[in-house]
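Just so we're aligned: the sequence shown equals residues 1 to 225 in full-length UniProt numbering. Beta carbons: idealized from backbone N, C-alpha and C, even for Gly. Predicted model, so just to flag it, every value in this text is computed and none were measured.
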Amino acid sequence: MDDGSRASGSATERAYRFAKAGILDGSLPAGELISEGQVARPLALSRTPVREAFLQLQAEGLLKLYPKRGALVVPVSPGEVDAVVEARDVIESHAIATVVGVDDETLEHITAAMDAAIEDQLAAVAARDELAFVEADRQFHTVLVRAGCRSILLEVYGTLRDRQLRMNMGALGGRFPGRAERLVAEHRQLLAGLRARDRQGSVAVLRVHLAGTRASVLGAPPASA
């Protein structure tokens, strides 16, 4: 690869990361039509690498390109929300079943890490930092899944990462810190259930938690079983 190609690839990657981060954290809101210039200007790039980045994001389903008009930030569809919630239910319920059966020392190690994530959430609420809150929320659940699932389920859970970030930011939109405080309370309930080795109760809390996220994202009641 010559120097020009390397520079072009690096510029495209910068544009891709910048635009994708904006889509995931909500600073480029769903339903908004964005221009190449909105990404090119803050990065001091030409429009060519931005155009290439937009093509990548369209392939990932995050943008829809309209020639000479711009790129639409594709909203999260109800079907995508339901699919993510269902996948999380299966994986995290399995993790709970495993974690409640570990030895006392291991359980204490797991729950201490989850408790630390809750403390990070509380700090984010105090700082009114929505993105930090969502990252701590994800860490709470990731600790559980890493402790209770084997590699294949961990890989599947990892593929949900971007979708979860976008959904969780959407769930908080306009409801921070009120919704955040409720999520922390549910995390504490789940943590108490794990410490009590209450599999059924912990799964019940998880499902209320996930249903609340779904309803917040879609603005609709949870789907019936």
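In this structure Thr-106 is exposed. Its beta-carbon is surrounded by fewer than 16 other beta-carbon atoms within 10 angstroms. In the assembly as shown, Leu-62 is a buried residue. Its beta-carbon has 16 or more other beta-carbons within 10 Å. In this structure, DSSP gives Lys-64 an extended state, which the three-state scheme calls strand. Under the three-state reduction of DSSP output, Ala-127 falls in the coil class, being neither helix nor strand. In this structure, the CA atom of Val-100 is about 9 angstroms from the CA atom of Gly-193.
Counting other Cβ atoms within 10 Å of its Cβ, Ile-152 stays below 16 and is therefore classed as exposed.
In this structure, Val-205 lies near Gln-189, with their beta-carbon atoms less than 7 angstroms apart. Here the alpha carbons of Ile-118 and His-94 stand approximately 21 angstroms from one another. Annotation for Gly-37: the continuous alpha helix (DSSP H) segment containing it runs 36-43. Counting along the chain, no alpha helix (DSSP H) covers Gly-70; the unbroken beta strand (DSSP E) around it starts and ends at 70-73.
Val-84 and Ala-19 have their C-alpha atoms roughly 22 angstroms apart. C-alpha of Arg-88 to C-alpha of Tyr-157: approximately 7 angstroms in a straight line. With distances taken between CA atoms, Gln-38 lies nearest to Gly-70 out of Gly-70, Asp-25 and Ala-59. Leu-33 is bridged by DSSP to Leu-72. In the DSSP assignment, Leu-191 falls within the unbroken alpha helix (DSSP H) covering 178-195. The beta carbon of Arg-51 sits closer than 7 angstroms to those of Glu-36, all from its chain and outside the five residues before and after it, given in chain order. Take the alpha-carbon of Asp-198 and the one of Ser-10: they are about 50 angstroms apart. Membership of Arg-214 in the alpha helix (DSSP H) is indicated by the continuous run 199-218.
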